[in-house]
Amino acid sequence: MTANTQKDPHLGRVLAGYRIEERIARGGMGLVYRAEHLNLRRRAAIKIIAPELAEDAGFRERFNGEARIAGALQHPNIVTVYDAGEQDGLLYLAMQYIEGSDLSSVLRDQGRLRPYRALDVCRQVAAALDAAHAQGLIHRDVKPANVLIEGRTAFLTDFGLTKRIEGTPAALTKAGDMVGTVHYIAPEQIHGGHVDARTDIYSLGCMVFQCLTGELPFARDSDVAVIYAHLSEEPPRLTSVRPELPAGLDAVVTKALEKAPEKRFQTCADMTSAARAVIDAAGPLADSTITRPVPAFGDHFDVPTSAGGTRRVPAAGDNSSMRTSIGPAAADVVRDTRAAGRPRLLLAGLDTNTRALARVAAGDRFDIDETRAGESLLDAVRDGRPDLVVLAWNAPGQPAREVMAALRADSRTRDAKVLLLVEHKQASSIEIAAAGADDRLTAPFSPLQLQVKLRRLVGVDAKSG
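This note's numbering applies: residue 331 is where the sequence shown begins, and numbers increase by one.
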């Protein structure tokens with residue numbers, strides 16, 4: 331499906347020899363366009379990195395290095411990287427253009443896949459991952475939206491988030507960077523700990539579960555609840571969702587989704603081979619015709635249960651890298667215990683999902699307080715002296731413009747650094763530009779985009795290296 335291209339300044343321009351023709355996607359790291367190389371007459375997909383990432387010198391250095399690594403990956407199930415660089419202030423990545431749909435769209439349309447088809451898609455993704463792992467690379471954002479389907483072939487894309495496995499040359503992505511999508515993220519990524527090939531295996535296990543059932547393994551009401559489930563809850567059994575599946579698949583998926591990496595499969599091929607062996611042993615009934623769930627309304631499905639009723643679950647699809655909208659405020663001031671030497675964030679007027687996203691993006695590098703906007707914010711800044719205030723522009727109560735004016739008018743708070751979170755439709759507002767914030771971030775945004783803003787404003791990178 332074509333993304334909204336209204337008033338897009340990049341359409342029609344020539345970037346690094348490619349004429350940009352159509353915007354086809356928007357992700358956590360930037361915009362993706364269909365383009366054509368003027369000399370080679372070859373179609374390509376061009377990703378233009380979001381400005382708040384591209385403006386960060388450290389990110390540019392890591393991106394260019396990682397793009398070179400990704401460009402060296404040659405595999406029939408990996409989208410080929412043609413070129414990467416910087417032109418006219420734009421950071422870009424040119425990739426193989428795939429005629430087809432991403433797996434998240436397929437699942438959204440079909441609900442779930444027949445078992446043999448599900449395992450064939452995941453087997454191809456597993457082969458791509460194992461090839462990357464053999465080169466010392468991990469993907470860190472394995473999810474249906476990063477799997478492109480063209481005919482019977484699956485292609486893994488978005489290796490711009492890759493990381494060298496510890497012990498191999500050029501560990502480019504900084505330790506502690508939280509990258510990944512909340513519904514597929516491994517526990518060690520949430521903790522900001524050591525990640526390796528088994529991190530991708532966990533994410534692939536989540537995807538196998540979704541392909542076979544049409545449901546996410548940890549479908550919850552908020553991102554923070556999903557994160558808690560990844561850390562603390564056992565995944566549901568496949569057969570509790572689809573009793574007709576072979577019981578042996580329960581053990582395969584459970585092993586892939588172990589909280590401790592050492593308890594998981596040690597290669598992706600081991601997991602998909604084990605699953606295929608179970609399906610083969612079960613015979614034709616395991617791949618019987620499957621009807622998709624009946625769509626309800628909005629972005630939910632009514633899914634039959636084993637008891638004969640139905641239950642409503644979120645539609646399977648891309649959760650846009652934990653993108654968020656900015657909404658209602660936290661109820662009270664909540665303070666973390668301060669750790670010596672760590673900078674302090676004050677989250678003001680953020681909704682539940684955005685607060686959870688901010689905590690994940692901050693990792694263990696910051697202490698965090700939470701408050702409403704308005705007078706509560708002013709009091710919290712006077713009392714707590716935070717290193718950075720993260721303020722939702724559309725927080726309920728006293729308008730954010732008045733809060734900003736009060737902050738800047740008070741000698742005790744005028745020097746407080748403020749990051750404004752604004753909705754896309756508000757981004758060009760003159761009122762926001764005149765508010766006096768140190769920076770702003772436009773929703774929807776990813777954890778990585780927020781992480782870069784936090785570190786730049788507080789100077790964490792300079793202190794921690």
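Don't be surprised by glycine CBs; every beta carbon is placed ideally from N, CA and C.
Note that this is a predicted model, so its numbers are computed, not measured.
Check: Considering only C-alpha positions, which residue in the set Asp418, Ala397 and Met425 is nearest to Thr410?
Finding: If you number the sequence shown from 1, residue 410 lands on position 80. Check the Cα spacing between Thr410 and each of Asp418, Ala397 and Met425: the tightest is with Met425.
Item checked: Three-state class that DSSP yields for Met425 in the structure shown -> The residue you call residue 425 lines up with position 95 of the sequence shown. Strand, per DSSP.
Check: Is Lys473 buried or exposed, if buried means 16 or more other CB atoms sit within 10 Å of its CB?
Finding: Position 143 of the sequence shown, counted from the start, is the residue given in the question as residue 473. Buried, since its Cβ has 16 or more Cβ neighbours within 10 Å.
Checklist line | the stretch 427-434 / the stretch 515-533 touching (three or more Cβ pairs under 8 Å) | finding: no
Next item on the list: Might you give, ordered along the chain, the residues of its own chain that have their beta carbon closer than 7 Å to the beta carbon of Ala637, omitting 5 neighbours on each side?
Entry: Here residue 637 refers to the residue found at position 307 of the sequence shown. Caution applies to Ala637, whose pLDDT of 42 falls short of 50 and renders its modelled position unreliable; the model cannot decide the point.
Note to self: Between Leu459, Leu467, Ala555 and Cys452, which has its C-alpha nearest Ile479's C-alpha?
What the structure shows: If you number the sequence shown from 1, residue 479 lands on position 149. The shortest C-alpha separation from Ile479 is found at Cys452.
Check: Bridge partners of His340, per DSSP?
Finding: In the sequence shown, counting from the first residue as 1, residue 340 sits at position 10. His340 pairs with nothing; no bridge assigned.
Notebook entry, point to check: Gly789: which of Phe696, Glu545 and Asp740 sits nearest, CA to CA?
Noted result: Residue numbering aside, residue 789 sits at position 459 when the sequence shown is read from its first letter. Taking only the C-alpha atoms, the option nearest Gly789 is Phe696.
Next item on the list: Have a look at the DSSP bridge pairing and note the partners of Phe299.
Entry: Absent from the model: residue 299. The displayed extent of the chain is 331 to 795, so no value can be given.
Item checked: Cβ-based burial, Ser741 [other Cβ within 10 Å; buried from 16] -> For this step, residue 741 is matched to residue 411 along the sequence shown. Exposed, since its Cβ has fewer than 16 Cβ neighbours within 10 Å.
Checklist line | Span of the beta strand (DSSP E), counted from its first residue to its last, around Arg373 | finding: Residue numbering aside, residue 373 sits at position 43 when the sequence shown is read from its first letter. Unbroken beta strand (DSSP E) run through Arg373: Arg373 to Ile379.
Check: Arg674 bridges to which residues according to DSSP?
Finding: Counting from one through the sequence shown, the residue named residue 674 turns up at place 344. Answer by DSSP bridge pairing, in chain order: Asp697.
Notebook entry, point to check: Any idea what DSSP makes of Val608, helix, strand or coil?
Noted result: Mapped onto the sequence shown, residue 608 falls at position 278. DSSP places Val608 in helix when its eight states are reduced to three.
Next item on the list: Determine, using beta carbons only, whether Leu819 and Cys541 come nearer to each other than 8 Å.
Entry: Absent from the structure is residue 819, since the part of the chain shown begins at 331 and ends at 795.
Note to self: To the nearest angstrom, how far is the alpha carbon of Gln781 from that of Ala692?
What the structure shows: What you label residue 781 is simply residue 451 of the sequence shown in a count that begins at 1. What you label residue 692 is simply residue 362 of the sequence shown in a count that begins at 1. Approximately 6 Å, taken between the alpha carbons.
Notebook entry, point to check: Apart from the five residues on each side of it in sequence, which residues of its chain come closer than 6 Å, Cβ to Cβ, to Phe489?
Noted result: Translated into the one-based positions of the sequence shown, residue 489 becomes position 159. Closer than 6 Å at the Cβ level, and outside the excluded window around Phe489, lie Ala400.
Margin query: DSSP has Ala355 in a bridge; who is on the other side?
Written below: Along the sequence shown, one-based indexing puts residue 355 at 25. Beta-bridge partners of Ala355 (DSSP): Val362.
Note to self: For the structure I just gave you, are there three or more beta carbon pairs, one from the stretch 578-591 and one from the stretch 716-734, closer than 8 Å?
What the structure shows: no
Check: Excluding the five sequence neighbours on either side, which residues of its own chain have a C-beta within less than 6 Å of the C-beta of Gln454, listed in chain order?
Finding: By one-based count along the sequence shown, residue 454 stands at place 124. For Gln454, where only same-chain residues beyond five positions count, the Cβ hits under 6 Å are Asn407 and Ala484.
Margin query: Can you tell me whether Thr597 is helix, strand or coil according to DSSP?
Written below: The residue you call residue 597 lines up with position 267 of the sequence shown. Three-state DSSP puts Thr597 in coil, outside helix and strand.
Check: Alpha carbon to alpha carbon, what distance is there between Leu361 and Phe775?
Finding: Position 445 of the sequence shown, counted from the first residue, corresponds to residue 775. Position 31 of the sequence shown, counted from the first residue, corresponds to residue 361. Cα to Cα, Phe775 sits roughly 12 Å from Leu361.
Next item on the list: Measure the alpha-carbon distance for Glu352 versus Leu680 and round it to whole angstroms.
Entry: One-based indexing of the sequence shown puts residue 352 at position 22. One-based indexing of the sequence shown puts residue 680 at position 350. Roughly 34 Å separates the two Cα atoms.
Next item on the list: Specify, as a first and last residue, the run of the alpha helix (DSSP H) that Leu449 falls within.
Entry: Translated into positions along the sequence shown, residue 449 becomes position 119. From DSSP, the alpha helix (DSSP H) with Leu449 extends over Pro445 to Ala464.
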